[in-house]
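Right, one structure below, let's go through it.
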Amino acid sequence: MEHYSFSVSILLWFLLRLSNGAKVERDLYELLLNDYNATIRPVQNARENVTVYMGLSLQQIIDVNEKDQEVELNAWLKFNWTDPQLRWNPEEFDGITDLRFKKDQLWTPDILLYNSVAEDFNTIFPTNLVVYYNGIVNWIPPGVFQLSCRIDVTWFPFDEQVCFMKFGSWTYHSQKVDLRFATENDFDLSTYMENGEWTIKGILFPYIYIVEIFLG
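If you count by this note's numbering, then the sequence shown holds residues 50 to 265, one letter each, in order.
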């Protein structure tokens, strides 16, 4: 009987800890979202710009359509920026260091592929955002991208093509949202699935919002 009572006590204590932990996390969400407006850029001064660092992880070249001058590929975009309104002290909230938010709960940069030819134009999947206690926001949405690309098959089957992925904010100029590739390492091929017909020959970043892909 004593063993039974001890087991019940342990169970009640465990459930109580879970309940308290959930309440702390809920309180933190409510604190951060109180008076938060997802349409306002995360700056402390309206004259400041938001620096958004972008990366791209290419997963697969799905199709190269010479006739329609289009390329289809699967990729993960990587964005991170700082939101000063989303900061907290983990010591005051049970050691919580990161939270997940739905895309429509927070401000996100309206980055689109300018040369998209997809029927829906924007094919980015609205994944959750990960927010850290220091205000850094990470967002990694996957997508299947269809883009226009000038394809010259004069030297087929030994032709090489150069395709541009032109990314940028749809409504903000650079004084409001500063989109950057920090380094060439921000274009990741570590999980790329080789294509039997096309090989990636190289990557260039001639402009902040343009990725240049050499296919051969």
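Idealized CB from N, CA, C, for every residue including glycine.
query                                                                                                                                                               : result
Could you give the first and the last residue of the continuous beta strand (DSSP E) run that contains D132?                                                        : E119 to R136
Give the straight-line distance between the Cα atoms of V193 and L178, rounded to the nearest whole angstrom.                                                       : 19 Å
Alpha carbon to alpha carbon, how far is F170 from R75? Give it in angstroms, no decimals.                                                                          : 36 Å
From the DSSP output, which residues share a beta bridge with F100?                                                                                                 : Reading off the sequence, residue 100 comes out as Thr, not Phe. DSSP output for T100 lists D227 as bridge partner(s).
Answer with buried or exposed for W130, where buried requires no fewer than 16 other C-beta atoms within 10 angstroms of its C-beta.                                : buried
Looking at C-alpha atoms only, which residue of Y182, Q195, P190 and V186 is the closest neighbour of A167?                                                         : Q195
Can you look up V179 in the DSSP assignment and give me helix, strand or coil?                                                                                      : strand
Buried or exposed: where does D132 fall if 16 or more other Cβ atoms within 10 Å of its Cβ makes it buried?                                                         : buried
Answer yes or no: do V180 and L135 have a C-beta to C-beta separation smaller than 8 Å?                                                                             : yes
By DSSP, does P190 sit in helix, in strand, or in coil?                                                                                                             : coil
Within 10 angstroms of its Cβ, does T157 collect 16 or more other Cβ (buried), or is it exposed?                                                                    : buried
Mind checking S165: buried by the 16 CB within 10 Å criterion, or exposed?                                                                                          : buried
Count the other CB atoms within 10 Å of the CB of W219; is the residue buried (16 or more) or exposed (fewer)?                                                      : exposed
Exposed or buried, which one is W62 when buried takes at least 16 other CB atoms within 10 Å?                                                                       : Any reading at W62 needs caution, since the residue's pLDDT is 49, under 50, leaving its predicted position unreliable; the model's value is listed next. Exposed, since its Cβ has fewer than 16 Cβ neighbours within 10 Å.
Please state the DSSP three-state secondary structure of L155.                                                                                                      : coil
Let me confirm a value: G251 is counted as buried when at least 16 other C-beta atoms fall within 10 Å, else exposed. Which label applies?                          : exposed
Can the beta-carbon of L105 be found closer than 8 Å to that of A124?                                                                                               : yes
From the DSSP output, in three-state form, read off G199 for me.                                                                                                    : Looking at the sequence shown, residue 199 is not Gly but Arg. Here R199 sits in coil by DSSP.
Do V101 and I200 come within 8 Å of each other at the CB atom, strictly closer than that value?                                                                     : no
Where I110 and E121 are concerned, what is the direct C-alpha to C-alpha distance, given to the nearest angstrom?                                                   : 6 Å
In this structure, does DSSP put D147 in helix, strand or coil?                                                                                                     : strand
Which residues in the same chain as P190 place their Cβ atom closer than 6 Å to its Cβ, once the five residues preceding and following it in sequence are excluded? : L126, I173, F174 and T176
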